[in-house]
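Q:
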Amino acid sequence: MVADTAPCYSTRMTRVWRVPWLLAIGVSSLHCGAARRDQARAEPAANPSRVVAPQRLLTTDAGPASPPAIPVRPSSSSPVLATGVAQVGADGPPRAQPHRGDNSPAPTESPADVRPPPGALASPEAKRSPPVAASPGVTRPAKARSPSPTCPYPAVAGNPRVAFERVAGGFTHPATFAVSARARPDKLFVGERGGKIRILEPKASAPTQTFMELPVARREVEMGLLGFALHPQFPDDPRVYLNYNPPTQDRTIVAEYRVRRDDPYRIDTRVRPRVLLDVAQPFGNHNAGMLTFGPEGLLYVGFGDGGSPPPTGGIAAQDLTQLLGKMLRIGVDPEGGRPYQIPPDNPFVGQPNARAEIWALGLRNPWRFDFDQKTGVLYVGDVGENQWEEINVIERGRNYGWGELEGFRCFRKPCDDTAGPHRVNRDGFTAPLVVQGHPDHLSIIGGYVYRSCEVPAWNGTYFYADWIRQDIYGLRWNGTTVKSLGVVGRLPHGMPTTFGTNAWGDVYVLSGHDGSEAVLWRMRPEP
Numbered sequence: 003m004v005a006d007t008a009p010c011y012s013t014r015m016t017r018v019w020r021v022p023w024l025l026a027i028g029v030s031s032l033h034c035g036a037a038r039r040d041q042a043r044a045e046p047a048a049n050p051s052r053v054v055a056p057q058r059l060l061t062t063d064a065g066p067a068s069p070p071a072i073p074v075r076p077s078s079s080s081p082v083l084a085t086g087v088a089q090v091g092a093d094g095p096p097r098a099q100p101h102r103g104d105n106s107p108a109p110t111e112s113p114a115d116v117r118p119p120p121g122a123l124a125s126p127e128a129k130r131s132p133p134v135a136a137s138p139g140v141t142r143p144a145k146a147r148s149p150s151p152t153c154p155y156p157a158v159a160g161n162p163r164v165a166f167e168r169v170a171g172g173f174t175h176p177a178t179f180a181v182s183a184r185a186r187p188d189k190l191f192v193g194e195r196g197g198k199i200r201i202l203e204p205k206a207s208a209p210t211q212t213f214m215e216l217p218v219a220r221r222e223v224e225m226g227l228l229g230f231a232l233h234p235q236f237p238d239d240p241r242v243y244l245n246y247n248p249p250t251q252d253r254t255i256v257a258e259y260r261v262r263r264d265d266p267y268r269i270d271t272r273v274r275p276r277v278l279l280d281v282a283q284p285f286g287n288h289n290a291g292m293l294t295f296g297p298e299g300l301l302y303v304g305f306g307d308g309g310s311p312p313p314t315g316g317i318a319a320q321d322l323t324q325l326l327g328k329m330l331r332i333g334v335d336p337e338g339g340r341p342y343q344i345p346p347d348n349p350f351v352g353q354p355n356a357r358a359e360i361w362a363l364g365l366r367n368p369w370r371f372d373f374d375q376k377t378g379v380l381y382v383g384d385v386g387e388n389q390w391e392e393i394n395v396i397e398r399g400r401n402y403g404w405g406e407l408e409g410f411r412c413f414r415k416p417c418d419d420t421a422g423p424h425r426v427n428r429d430g431f432t433a434p435l436v437v438q439g440h441p442d443h444l445s446i447i448g449g450y451v452y453r454s455c456e457v458p459a460w461n462g463t464y465f466y467a468d469w470i471r472q473d474i475y476g477l478r479w480n481g482t483t484v485k486s487l488g489v490v491g492r493l494p495h496g497m498p499t500t501f502g503t504n505a506w507g508d509v510y511v512l513s514g515h516d517g518s519e520a521v522l523w524r525m526r527p528e529p
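If you count the sequence shown from 1, you need to add 2 to reach the numbering used here.
(1) Any idea which residues DSSP pairs Gln343 with across the strands?
(2) Mind checking Gly86: buried by the 16 CB within 10 Å criterion, or exposed?
(3) Please give the ranges of any beta strand (DSSP E) in the segment 433-469, keeping only runs that are unbroken, at least 3 residues long and fully inside the region.
(4) Among residues of its own chain, excluding the 5 on either side of Asn461, which ones have a beta-carbon nearer than 7 Å to its beta-carbon?
(5) So, for Gly306: in the same chain, excluding its five sequence neighbours on each side, which residues have a beta-carbon less than 6 Å away from its beta-carbon?
(6) Identify every run of the beta strand (DSSP E) within the segment 224-300, keeping only runs that are complete inside it and at least 3 residues long; order them along the chain.
(7) Return yes when the Cβ of Val426 is within less than 7 Å of the Cβ of Thr432, no when it is not.
(8) Measuring alpha carbon to alpha carbon, tell me which of Val273, Ile269, Lys485 and Pro312 ends up nearest Gln211.
(9) May I ask you to list the residues that DSSP assigns as paired with Tyr302?
(10) Answer yes or no: do Glu408 and Arg163 have a C-beta to C-beta separation smaller than 7 Å?
(11) Counting C-beta neighbours from all protein chains within 10 Å, is the total for Lys485 16 or more, i.e. buried, or is it exposed?
(12) Could you have a look at Thr503 and say whether DSSP puts it in helix, strand or coil?
(13) For Gly383, which option in Asp188, Asn245, Tyr466 and Pro237 has the closest C-alpha, if you only look at C-alpha atoms?
(14) Please return the same chain residues whose Cβ sits closer than 7 Å to the Cβ of Ala358, not counting the five positions on each side in sequence.
(15) Against chain D, does Ala520 count as a neighbour if the rule is that its beta carbon must be under 7 Å from one of theirs?
(16) Check whether the Cβ atoms of Gly193 and Leu227 lie closer than 7 Å to each other.
(17) Going straight from the alpha carbon of Gln472 to that of Arg220, what length do you get?
(18) For the putative contact between Phe230 and Gly502, defined by C-beta atoms under 8 Å, what is the C-beta separation to the nearest angstrom?
(19) In the DSSP assignment, the alpha helix (DSSP H) including Thr314 goes from what residue to what residue?
(20) Quick one: what's got a C-beta closer than 7 Å to Thr174's C-beta in the same chain, skipping five residues either side?
(21) Using CA coordinates, which residue listed in Trp404, Gln251, Arg260 and Glu224 is at the minimum distance from Asp238?
(22) Are at least three pairs of beta-carbons, each pair with one atom in the segment 242-260 and one in the segment 280-287, less than 8 Å apart?
(23) Closer than 6 Å by C-beta to Leu190: which residues in its own chain qualify, once you throw out the five before and the five after it? Chain order, please.
(24) Looking only at its chain, what residues have a beta carbon closer than 8 Å to the beta carbon of Gly491, apart from the 5 residues adjacent to it on each side?
(25) What are the start and end residues of the beta strand (DSSP E) that includes Leu380?
(26) Would you call Pro494 buried or exposed, if buried means 16 or more other Cβ atoms sit within 10 Å of its Cβ?
(27) Is the beta carbon of Tyr155 less than 7 Å from the beta carbon of Cys455?
(28) Which residues mark the beginning and the end of the beta strand (DSSP E) in which Glu391 is found?
(29) Whole-angstrom Cβ separation of Ser445 and Val385, contact assumed at under 8 Å?
(30) Using 10 angstroms around the beta-carbon of Cys10, count the other beta-carbons present and answer buried if the total reaches 16, otherwise exposed.
(31) Look up Asp473 in the DSSP assignment and give the residues it is bridged to.
(32) From the DSSP secondary-structure annotation, give me the bridge partner or partners of Ser513.
(33) For the beta strand (DSSP E) containing Gln211, list its first residue and its last residue.
Next up, the structure:
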């Protein structure tokens, strides 16, 4: 979702006047319902790191047909969020209740309401046809992550304010995120939407090496190289995984590549990449694109709803026969004639008319997400449609409501909109943790939970942003209640595009989609 890659925020053009800097990259390219451009031609290989995308199509998933549009019930309410700059530790300001679109407070939270009954799923469809019980455990997960080298920072006492340390510039449209191998937390990989993954050496002020370059689609601002994950045992296990759109097809491909045995920081172009997923995309937006390994060593892949105007995308997100609008969970080794494994404890294993890869459903465009390194909680920034941007905690088998819910509010027809943060409503939909309202916000950017040793008071704080504001936000979630910290800091210049982290638990922010220099910042305590 970044730099030139806005996660699709609306199908309407009426908000463009609020952000005139967007006009520089073309109004039509930012409109979620814009007509596709001519297909981009793939560039010839220019260096040894450039690789050829795999051609074989292994797993397909067609997009839905488009029924007549259904009008959206309007609302003029604005969200209630803390403003100003807040401290982020456990002693921060009182929780700001996420707004539900009216003036009533969120319902009283009860620990008994946190989860659906054992064995129940959140979707109405699942409640009518529960999945067949599966044996516990997972299928051949990766080994547990090895510990990282000792954290290099002296601990800062108290709860300091957030500052931003410039780490490096020189990037082009950094649309994925920054990440490090556990063995080398100070050496970062930064993905760019145009197909390059750049390596940033310790203390370098600009990337010094191209890890790999992949031909990708560039004709839509939500297409390209959108996700990148190292195997949990990298570099001992030489595999890396990419999520991208190929240059000549409307598809999302998740593929496995290998690094050289003699140099783990270069892709081995002699080894043919292996396709795990190849899914048709009916439109050029809502590609989501993030993928990451969970604490149990399985790969989580986020799919948007296909990008079609409502209500079609919402239909796809609720359709268990499709992968669109879902969070998937798979093993990365081949099994049973399939290029990946189906964990036996996935919630829809054995259920008729349901894809067994699905971990959760009812998502619109889960652009950025990741696990808390300590607790294993999966936080997702799900980009909204007309009024609300939201942060969700994704759990097994839950249904997050799109296109029946947007934020805490009903989207296209009457529904139960009384559920509080992360509660399941009477329709079986799980409400978000917090929301941000349009037009002050436009496209949410999910981030990371801080787990660095530098500021112990920040540990457990989840940082996130919005594509049209320099503000960085924070929240804390204890499994029962959420505390919104509001604005915790502001980038010195440039608009945020995506986040990053390293094995020490630092949180990075990438900026620059507004025409300013693309810069990587590290969140640090104010001097």
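We treat Cβ as the ideally placed atom computed from N, Cα and C, and that holds for glycine.
A: To lay it out plainly:
(1) DSSP lists Gly333 as partners of Gln343.
(2) In this prediction, Gly86 has a pLDDT of 34, which is less than 50 and means its spatial position is unreliable; nothing more can be read from the coordinates.
(3) Listed in chain order, the complete beta strand (DSSP E) runs (minimum 3 residues) inside the segment 433-469 are 436-439, 446-451 and 463-468.
(4) Around Asn461, the same chain offers Tyr452 and Arg453 as residues with beta carbons nearer than 7 Å, after the five sequence neighbours per side are excluded.
(5) The residues are His288, Asn289, Ala290 and Asn367.
(6) The qualifying runs are 227-232, 241-246, 253-260, 276-282 and 293-295.
(7) The answer is yes: Cβ separation under 7 Å.
(8) If we check each option's Cα against that of Gln211, Ile269 comes out closest.
(9) Beta bridge pairing from DSSP links Tyr302 with Thr294 and Arg331.
(10) Result no, Cβ atoms of Glu408 and Arg163 do not sit closer than 7 Å.
(11) Lys485 comes out buried.
(12) Note: Thr503 maps to strand in three-state DSSP.
(13) Comparing C-alpha distances from Gly383 to each of Asp188, Asn245, Tyr466 and Pro237 shows the shortest one belongs to Tyr466.
(14) If you ignore the 5 residues before and after Ala358, its C-beta comes within less than 7 Å of the C-beta of Ile344, Asn348, Phe350 and Val351, all in its own chain and listed in chain order.
(15) As a matter of chain content, chain D is missing from the structure shown, which is built from one protein chain.
(16) Against a cut-off of 7 Å, the Cβ pair of Leu227 and Gly193 comes out as a contact.
(17) If you take the alpha carbons of Gln472 and Arg220, they lie about 26 Å apart.
(18) At roughly 11 Å, the Cβ-Cβ gap does not stay under 8 Å, so Phe230 and Gly502 are not in contact.
(19) Start and end: Thr314 to Gln320.
(20) Excluding residues within five positions, the ones whose Cβ falls inside 7 Å are Glu194, Gly196 and Ala520.
(21) Answer by Cα proximity: Arg260.
(22) Proximity of the segment 242-260 to the segment 280-287 meets the contact definition, three or more beta-carbon pairs being nearer than 8 Å.
(23) Correct list, in chain order: Ala180, Ser182 and Leu202.
(24) Excluding sequence neighbours, Gly491 sits near Val87, Arg163, Val164, Ala165, Phe166, Asp473, Ile474 and Met525.
(25) Counting along the chain, the beta strand (DSSP E) containing Leu380 begins and ends at Leu380 to Asp384.
(26) Flag for Pro494 reads exposed.
(27) With a cutoff of 7 Å on beta-carbon distance, Tyr155 and Cys455 are scored as near each other.
(28) If you look at Glu391, you'll find it in the beta strand (DSSP E) that goes Trp390 to Ile396.
(29) Beta-carbon to beta-carbon, Ser445 and Val385 are separated by about 5 Å, close enough to satisfy the 8 Å threshold.
(30) With a pLDDT of 49 at Cys10, under the threshold of 50, the predicted position of this residue should be treated as unreliable, though the coordinate-derived value follows. Buried is the call here.
(31) Asp473 pairs with Arg492.
(32) Ser513 pairs with Pro498 and Val521.
(33) Run containing Gln211: Gln211 to Glu215, per the beta strand (DSSP E) assignment.
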